[in-house]
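Step one of this worksheet: look at the structure below.
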């Protein structure tokens, strides 16, 4: 069948919205009509060449949602009409890590930067070329073929244009506070950077019972949004927040520090920011800037109880309506599906 997708032919380069040929789903695969996709900063890194794809051309995008329209032979977990969101790493359910409940470390994760399907072939083609898909997904398309291992079924009453965010940013942020940071009732939590991931870290801390959530971001409107999402206070810099943090903790530092910004000043990981035995969670970023890298000892994997998106995604959807902001507040701009990547390239965040 023919569909449209945003294709990157060179990196650095620009996404080209064009017609492509899409094969029928093979064994274990399904055809999905895409309804919505988010734009992750990692997609921007791909187009700028910061994360060089192993195969070009490529269709990026990994936080998507849609409706299953056809199932291939051998599919057992999905059926036509199911509403689904994408999973950044497929889970085979058979390797050592999956057996331990740590699907985020599944052996199949080695395939996410290659761009072909799990069987080593491609489903999308144009101008005589096979087109790769980022993270085995490629959500910047109107229709796409996925392995069933890369999809999570969700309830049909959840708006798909909101659900797509759970596929990446919501899980990353919420999990960094609630699970990697292990926020406990009464904790004082410090969140550096309140973009898409940081806002969800704020909500994860709030849902976990933190008594004080201090959001730090130099952008004024993000400081205001953080309060709507559950932060108890927000500041433009660490210097502005330092006295308040000391007063709240008797000078001991926060119980949990969540770092979501890609550019990290070494001062953020030194000094009395965390109390003795305090916890630290950091979003992985490929490019950290000239001001230094965070101490690798502070980087942590998600514990096994939230490493599998199949139970994790539904939990996020159940929690969201109880939070301090509606999930729709995470979507400041909407674009028609096929032109989203092109618009994002011309109008970066």
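Numbering (the UniProt record's numbering), first residue to last: 1 to 349.
Every residue, glycine too, gets a C-beta built ideally from N, C-alpha and C.
Computed from a prediction, not measured in an experiment: that's the story for all the values here.
Residue pairing of residue 146 in beta bridges, as defined by DSSP: 30. Between the C-alpha atoms of residue 244 and residue 234 there is a straight-line separation of about 10 Å. From the listed residues 187, 102, 130 and 201, the smallest Cα separation to residue 114 is found for 130. It is roughly 10 Å from the alpha-carbon of residue 32 to the alpha-carbon of residue 148. Scanning its chain for C-beta atoms nearer than 8 Å, with the 5 sequence neighbours on each side dropped, one finds around residue 275 the residues 249, 252, 253, 254 and 255, in chain order. Residue environment: residue 43 is assigned as buried (16 or more neighbouring CB atoms within 10 Å of its CB, all protein chains considered). Burial state of residue 200 is buried, judged by a 10 Å Cβ sphere holding 16 or more other Cβ atoms.
The beta-carbon distance between residue 189 and residue 216, rounded to whole angstroms, is 11 Å. This is too long to meet the 8 Å contact definition. Residue burial annotation: residue 5 is buried, with at least 16 other C-beta atoms found within 10 angstroms of its C-beta. By the Cβ-count criterion, residue 187 is buried, with 16 or more other Cβ atoms from all chains shown falling within 10 Å of its own Cβ. In the DSSP assignment, residue 244 falls outside any beta strand (DSSP E) and lies within the alpha helix (DSSP H) extending over 238-249.
Looking at the backbone, the Cα of residue 225 and that of residue 209 are separated by about 19 Å. In the DSSP assignment, residue 275 is bridged to no other residue.
In this structure, the alpha-carbon of residue 164 lies about 33 Å from that of residue 278. In this chain, the beta strand (DSSP E) harbouring residue 83 covers 83-86.
If you compare the alpha carbons of 150, 197 and 259 with that of residue 229, the shortest gap goes to 197. The beta carbon of residue 29 sits closer than 6 Å to those of 72, 145 and 147, all from its chain and outside the five residues before and after it, given in chain order.
Annotated as distal: residue 7 and residue 52, with beta-carbon spacing of 7 Å or more. Per DSSP, residue 222 is one residue of the alpha helix (DSSP H) stretching across 220-228.
Under the DSSP definition of a beta bridge, residue 207 lacks any partner. Here the alpha carbons of residue 241 and residue 247 stand approximately 10 Å from one another.
Shown here, residue 257 sits in a strand according to DSSP, grouped into three states.
Residue 27 holds the alpha-carbon nearest to the alpha-carbon of residue 123 among 13, 27, 162 and 203. Sequence-distant partners of residue 227 (beyond 5 residues in either direction) whose C-beta falls short of 8 Å from its own C-beta, in its chain, are 215, 233 and 234. Under the three-state reduction of DSSP, residue 46 is assigned to helix. When 47, 1, 21 and 66 are compared, the shortest CA-CA separation from residue 128 is found for 21.
Per DSSP, the beta bridge partners of residue 15 are 8. Remark: three or more beta-carbon pairs, one from each stretch, lie closer than 8 Å, so the stretch 59-71 and the stretch 160-174 are flagged as touching. For residue 215, the pairing in a beta bridge is given by DSSP as 191 and 234. Rounded to whole angstroms, the gap between the alpha carbons of residue 74 and residue 153 is 17 Å.
Contact annotation: residue 92 and residue 78 have beta-carbon atoms that are not nearer than 7 Å. When secondary structure is reduced to three states using DSSP, residue 100 falls in the coil class, being assigned neither helix nor strand. Listed in chain order, the non-local C-beta contacts of residue 82 below 6 Å within the same chain comprise 68 and 153, local neighbours out to five positions each way being set aside. Taking the C-beta atoms as reference points, residue 177 is found nearer than 7 Å to residue 258.
Rounded to the nearest whole angstrom, the C-alpha separation of residue 150 and residue 37 is 15 Å.
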